[in-house]
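J.: When you read off a place in the sequence shown, starting at 1, and then add 2, the result is the number in this note's numbering.
All C-beta atoms, glycine included, are put in the ideal place defined by N, C-alpha and C.
Note that the coordinates shown come from a computational prediction; the quantities given were computed from them, not determined experimentally.
Mind having a look at this structure? Questions to follow.
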Amino acid sequence: QIIEKLMSIVDIQTENLVVLAPDTGAVDRNKFYANALQRPLALLYKERDYSKVSKNASESNISEMRLLGDVEGKTIFMADDMIGTGGTLIKGMKSLKDLGASKVICAVSLPLFNGTAIDDFDAAYRQGYFYRIIGTNAVYQDELLRREWYIQADVTGLFAQIISLIHHDRSLSSLLDNRDLVAKLIKKQMEKGKAKQGNLGFAAKPGAEQEIPIPPEEVIPYGAADKP
């Protein structure tokens, strides 16, 4: 779902894209995206002052950041587990822009946006620190849907499949390892891009968000998974 949304705002064929792990704990997650998208992986290493407790975005306990990789002139995509107050993420995105990144996109599974986080991200967006935030509706916040900078990825179908598989005592491996599906989506997008380039020279409107639907045959019917 996140890959679909990313491909709706970024042309992965032409965009100078780098996948970045926002901290050491997110390396494996972002390595998956880097491998799937066949793009280089960078790391933003953070030193924390654990004597400080972050209550809002202005009180981040990050004392130092170090970048491993090249972000200058690049579009940065990074994935994290959640946004709480968002202070650490905003500080990281600002650092990436200061280092010359042209565009910063972040995806999270749980967009909590605690406290004043939405207002803080509004301010960060106005200052050009990031381009888009992709969050799932595992956490629903109506206020976020009214923000230009926020894109919601729908995971209700995924939750339904998980419930069905558990109910029918089936393995979840078909959902947990979706590398083949991601690879097919990326391949389809690339083929779609090539077809557009060859269509009388016309290209898609820059920035246009287009859905890339998952083919019905790739969706596991509820309760019908046949993997052991």
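1. Would you check if there are 3 or more beta carbon pairs closer than 8 Å linking the stretch 139 to 149 to the stretch 120 to 129?
2. On the criterion of 16 or more Cβ atoms from any shown chain inside 10 Å, does K105 qualify as buried, or is it exposed?
3. With DSSP as the reference, label E193 as helix, strand or coil.
4. When we look at the beta-carbon of F132 and count the other beta-carbons within 10 Å, is it buried (16 or more) or exposed?
5. Give the straight-line distance between the Cα atoms of G71 and F161, rounded to the nearest whole angstrom.
6. According to DSSP, simplified to helix, strand and coil, what is V141?
7. Let me check understanding here. Comparing Cα to Cα, which of V20, Q3, T16 lies closest to I194?
8. By Cβ distance below 6 Å, which residues in the same chain neighbour R31 in space, the five residues on each side in sequence not counted?
9. Span of the alpha helix (DSSP H) holding Q15?
10. Okay, do the stretch 38 to 47 and the stretch 86 to 93 touch, 3+ Cβ pairs below 8 Å being the bar?
11. For K7, name the three-state secondary structure that DSSP assigns.
12. Please confirm if G102 has its CB atom under 8 Å from at least one CB of chain B.
13. Please report the straight-line C-alpha distance between R172 and D179, rounded to a whole angstrom.
14. Taking only the alpha-carbon atoms, compute the straight-line gap between R149 and L98 and give it to the nearest angstrom.
15. Evaluate I165 with the Cβ neighbour count: other Cβ atoms within 10 Å of its Cβ, from every protein chain shown; 16 or more gives buried, anything less gives exposed.
16. Within 10 angstroms of its Cβ, does Q129 collect 16 or more other Cβ (buried), or is it exposed?
17. How big is the Cα-Cα spacing for D100 and G94?
18. Quick test of your reading: V157 and A38, contact by CB under 8 Å. State the CB separation rounded to the nearest angstrom.
19. Relative to the alpha-carbon of T138, which residue among F34, V110, A125 has its alpha-carbon at the smallest distance?
20. Which of helix, strand or coil does DSSP assign to Y133?
T.: To lay it out plainly:
1. yes
2. buried
3. helix
4. Looking at its Cβ environment, which holds 16 or more other Cβ atoms inside 10 Å, F132 is buried.
5. 35 Å
6. coil
7. The residue asked about is misnamed: residue 194 is Lys in this sequence, not Ile. Of the candidates V20, Q3, T16, the one whose C-alpha sits nearest the C-alpha of K194 is T16.
8. A81
9. Premise fails: Q15 is in no alpha helix (DSSP H) and is neither H nor E.
10. Contact between the stretch 38 to 47 and the stretch 86 to 93 is absent, because fewer than three Cβ pairs lie under 8 Å.
11. helix
12. You won't find chain B in this structure, because it holds only one protein chain.
13. Going from the Cα of R172 to the Cα of D179 covers about 15 Å.
14. 22 Å
15. exposed
16. exposed
17. Going from the Cα of D100 to the Cα of G94 covers about 10 Å.
18. Not quite, the Cβ-Cβ distance comes to about 18 Å (not below 8 Å), so this is no contact.
19. Ranking the options by Cα distance to T138, first place goes to V110.
20. coil
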